[in-house]
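See below for the structure under consideration.
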Amino acid sequence: MRDNQIEITFSTTRKQKPSVDQLEFGKVFTDHMFVMNYTEGKGWHDPRITPYQPISLEPSAMIFHYGQSVFEGLKAYLTNDEQILLFRPDKNFERLNRSNERLCIPHIEEEFALVALKQLLTIEREWIPTKEGTSLYIRPFIISTDPYLGVAPAKHYQFMIILSPVGSYYKEGINPVKIAVEQQYVRAVVGGTGTAKTGGNYASSLKAQEVADKLGFSQVLWLDGKENKYIEEVGSMNIFFKINGEVITPALNGSILEGVTRGSIIELLKHWNVPVVERKISIDEIYQAAKSGLLEEAFGTGTAAVISPIGEFFWQNEKFVIQDGETGEVTQELYDTLTGIQNGTKPDPFGWSVKVESEVGSFS
Ligand code: COI
Numbered sequence: 462m463r464d465n466q467i468e469i470t471f472s473t474t475r476k477q478k479p480s481v482d483q484l485e486f487g488k489v490f491t492d493h494m495f496v497m498n499y500t501e502g503k504g505w506h507d508p509r510i511t512p513y514q515p516i517s518l519e520p521s522a523m524i525f526h527y528g529q530s531v532f533e534g535l536k537a538y539l540t541n542d543e544q545i546l547l548f549r550p551d552k553n554f555e556r557l558n559r560s561n562e563r564l565c566i567p568h569i570e571e572e573f574a575l576v577a578l579k580q581l582l583t584i585e586r587e588w589i590p591t592k593e594g595t596s597l598y599i600r601p602f603i604i605s606t607d608p609y610l611g612v613a614p615a616k617h618y619q620f621m622i623i624l625s626p627v628g629s630y631y632k633e634g635i636n637p638v639k640i641a642v643e644q645q646y647v648r649a650v651v652g653g654t655g656t657a658k659t660g661g662n663y664a665s666s667l668k669a670q671e672v673a674d675k676l677g678f679s680q681v682l683w684l685d686g687k688e689n690k691y692i693e694e695v696g697s698m699n700i701f702f703k704i705n706g707e708v709i710t711p712a713l714n715g716s717i718l719e720g721v722t723r724g725s726i727i728e729l730l731k732h733w734n735v736p737v738v739e740r741k742i743s744i745d746e747i748y749q750a751a752k753s754g755l756l757e758e759a760f761g762t763g764t765a766a767v768i769s770p771i772g773e774f775f776w777q778n779e780k781f782v783i784q785d786g787e788t789g790e791v792t793q794e795l796y797d798t799l800t801g802i803q804n805g806t807k808p809d810p811f812g813w814s815v816k817v818e819s820e821v822g823s824f825s
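Quick note on numbering: the sequence shown equals residues 462 to 825 in this note's numbering.
This is the structure:
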């Protein structure tokens, strides 16, 4: 039985915080991290907050060989009145358990993970940047740690949460990005691991990303793994199109990641009475819409990417530009509203923001 008490060891030194004007994505980490272990027959145990530090694993640790791991990404914001806000963290821990299920990793207790995260954030509150477009990125993840080379689910795991003050994910900031439609490689197939947030999905995406990068594109747009015809998602985000007044996003089909931002955008559009549908949509339909002038907007959604306008697609040696490469009206409105809810400057009619209450404890 797991002991709920989180042991805290404070770092004896404090790192220098980076300048908010130079924040990139995922390069700097805070002073502390959360760690908890799993042992078969004992369950999750020894939850603790420790100084951020290297971890020690045997070279035979299973994570290095067969990639049995899962992760999440969410963000914390500091409001003008110094409250720490999280955006729908329950959704991330729910999804972590869905990923665990697919990767044969034992479930975590979602409520406890949130308590642990809140404690860590309370300790690290000074690391939350407040400049527009910045936030504290939160990376919970689980790895298999057994020293064993057989292919089987591990019997030991480590769950960790690390924090990183971040600026925009793309070098373009909130300006439109250029996307290449991938024709050679596939990201996932139905029955595979596409719906899980697991490192292998991202490792197998790197080759296509590398090629696209050399051609000057920020990301690749993945088509379905069977017919190479239907749109799935972009490298690190889900995708939406506005065609002739209607917003369309690919329906969750068993190989697309169910984004928390994706779900929130659908709810927001419904709330505004903007027609929005989740359905199968082919790249050819997008191409035709672009040619006939009906493709009004395109944008990606994700925790890291937030709402990222797409200004140009490249497919079958042809590029098609959307809205002269400018950010669309609905895209901009969604960005403003979502980020406003997230950082507490706009009303939150959905109750998505979760406050990290001071009752969680002060550890100074
Ligand atoms: C996120 O949006 O949080 C992600 O996990 C995407 C990514 C940076 C891999």
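Don't be surprised by glycine CBs; every beta carbon is placed ideally from N, CA and C.
Straight-line spacing of the CA atoms in L564 and G686 works out to 20 angstroms. Cβ-Cβ distances below 7 angstroms link N662 to R648, A649, T654 and G655 in the same chain, with the five nearest sequence neighbours on each side left out; the list follows chain order. Rounded to whole angstroms, N778 and Q645 show a C-alpha spacing of 13 angstroms.
Less than 9 angstroms separates the beta-carbon of I599 from that of L535. Contact between R559 and A657 holds: their C-beta atoms lie close to 7 angstroms from each other, under 8 angstroms. Residue state for Y598 is assigned as strand, using DSSP reduced to three classes. DSSP lists S596 as the beta-bridge partner residues of V627. According to the DSSP assignment, K816 belongs to the beta strand (DSSP E) that extends over S814 to V817. Here I584 really is in contact with I510; their C-beta atoms are around 7 angstroms apart, less than 8 angstroms. Distance from the CA atom of S743 to the CA atom of K703, rounded to whole angstroms, is 14 angstroms. One Cα belongs to E818, the other to I768, and the distance between them is close to 28 angstroms. According to DSSP, T762 shares a beta bridge with N699 and I768. Neighbourhood of the ligand COI, defined by CB distance below 5 angstroms to any of its heavy atoms: G534, S697, G763, T764 and A765, in chain order.
When beta bridges are read from the DSSP output, L578 appears opposite no residue. Runs of the alpha helix (DSSP H) lying entirely within the region 476-538 and spanning at least 4 residues, in chain order: 523-527. When secondary structure is reduced to three states using DSSP, T710 falls in the strand class.
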